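Numbering (full-length UniProt numbering), first residue to last: 5 to 294.
These notes concern the structure reproduced below.
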Amino acid sequence: SMTSIGFIGLGRMGLPMAGRLTSAGYRVLGFDLSEDALSRLTAEGGHAADDAAAAAAADIVVLMLPDSGAVEHVLGKADVAAALGEGTLVVDMSSSEPLRTRALAEKLRRQGVGLVDAPVSGGVRGAERGTLTIMVGGSDEEIARAEPVLGNLGTVVRAGGTGAGHAVKALNNLMSATHLWITSEAMHAGKGFGIDPEVMLAIVNGSSGRSGSTENKWPNFVLPGGYDSGFALRLMLKDMRIAADLSRAVGVEPVLGDDAISRWAAAADELAADADHTEIARWIADHAGE
Ligand code: NAD
Numbered sequence: 005s006m007t008s009i010g011f012i013g014l015g016r017m018g019l020p021m022a023g024r025l026t027s028a029g030y031r032v033l034g035f036d037l038s039e040d041a042l043s044r045l046t047a048e049g050g051h052a053a054d055d056a057a058a059a060a061a062a063d064i065v066v067l068m069l070p071d072s073g074a075v076e077h078v079l080g081k082a083d084v085a086a087a088l089g090e091g092t093l094v095v096d097m098s099s100s101e102p103l104r105t106r107a108l109a110e111k112l113r114r115q116g117v118g119l120v121d122a123p124v125s126g127g128v129r130g131a132e133r134g135t136l137t138i139m140v141g142g143s144d145e146e147i148a149r150a151e152p153v154l155g156n157l158g159t160v161v162r163a164g165g166t167g168a169g170h171a172v173k174a175l176n177n178l179m180s181a182t183h184l185w186i187t188s189e190a191m192h193a194g195k196g197f198g199i200d201p202e203v204m205l206a207i208v209n210g211s212s213g214r215s216g217s218t219e220n221k222w223p224n225f226v227l228p229g230g231y232d233s234g235f236a237l238r239l240m241l242k243d244m245r246i247a248a249d250l251s252r253a254v255g256v257e258p259v260l261g262d263d264a265i266s267r268w269a270a271a272a273d274e275l276a277a278d279a280d281h282t283e284i285a286r287w288i289a290d291h292a293g294e
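The structure is reproduced here in structure tokens:
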């Protein structure tokens, strides 16, 4: 019979991902603390679990939770641990902390449960369209088991052993956040000189200053004024801190990274708790004269 999938964490990313797996023909049993998320899932033809333990009683249990704390909390519940049968494969697609992921994998392996870390890049649009970049860490055998499922969500790229996917994801986001800051400063300066922002982006996108910020974030979420990428600023800050801690743990001093973190943190203190991360561009403009 077909692989059964439990899906825990039906937020901005998890809901459209669970929807794609349902459309692909899998039986997906989803769970989230939010009643709203559960009713959206059932409205799209998915099945809502009564609790996390019910979703954990599956062949493959996908997690799309905020962070390592939430992942450890859910998997550490006695009823969830009991529901994870021997041979179950947990796929943590959250942007979690690589060192905590390694420790968790060892703990689960002692219970006969496998773990693959499979965080993603590509945002809510990528989740809806199945065009995510999925960076996986784990053993060859476990990755081979996860791959047919993950293939419905995007392109699977092997990062290395357990935790390597989470490490690359955090480091990617530290780069991305730093790019967005410098892009915003430069764009505001260009505008101050009288340059049309669309013209400047077009030039930079054919030049060496281009990045995800010039190719995607500024044209799609900043210039139109929507600030609606669907990726929260607090989650970006979490990823930046994971990356800086990881750098220090391996003996690399994150000089520019730490500076970016303190600046993003200062902005986060002033912005709404649920602010989109692209609102940093507007915040930088508002503080440009200081
Ligand atoms: P989100 O806040 O929209 O969703 C998280 C969901 O987890 C929420 O619905 C919340 O109710 C649920 N949840 C929290 N604790 C729970 C628990 N104990 N049991 C059950 N459900 C619980 O976040 P998101 O934007 O979907 O991001 C999820 C993960 O993906 C994060 O690690 C984030 O950094 C990462 N990510 C997000 C994006 C993006 O564009 N939004 C892109 C790439 C990666």
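Where is the CB? At the ideal position from N, CA and C, for every residue including glycine.
Just so it is clear, the structure is predicted and the values come from calculations on it, not from any experiment.
Where residue 187 is concerned, the enclosing alpha helix (DSSP H) starts and stops at 168-196. In the DSSP assignment, residue 163 falls within the unbroken beta strand (DSSP E) covering 158-164. Under the DSSP assignment, residue 118 falls in the beta strand (DSSP E) whose first and last residues are 118-121. Per DSSP, the continuous alpha helix (DSSP H) segment holding residue 244 begins and ends at 237-253.
Our two residues, residue 141 and residue 104, have alpha carbons roughly 13 Å apart in a direct line. The C-alpha of residue 73 is placed about 38 Å away from the C-alpha of residue 293.
Going by DSSP, residue 104 is part of the alpha helix (DSSP H) stretching over 102-113.
Secondary structure of residue 44 (DSSP, three-state): helix.
Per the coordinates, the alpha-carbon of residue 93 lies some 12 Å from the alpha-carbon of residue 11. Cβ contact annotation for residue 263 (same chain, cutoff 8 Å, sequence separation greater than five): none. Taken from the Cβ of residue 12, at least one heavy atom of ligand 1 lies inside 7 Å. Exposed is the label assigned to residue 260, since fewer than 16 other Cβ atoms lie within 10 Å of its Cβ. Annotation for residue 146: 93, 118, 119 and 120 place their beta carbon closer than 8 Å to its own, counting only its chain and skipping 5 residues before and after. When C-alpha distances from residue 156 are compared across 138, 196 and 84, the shortest belongs to 138. By the C-beta density criterion, residue 170 is buried, having at least 16 other C-beta atoms within 10 angstroms.
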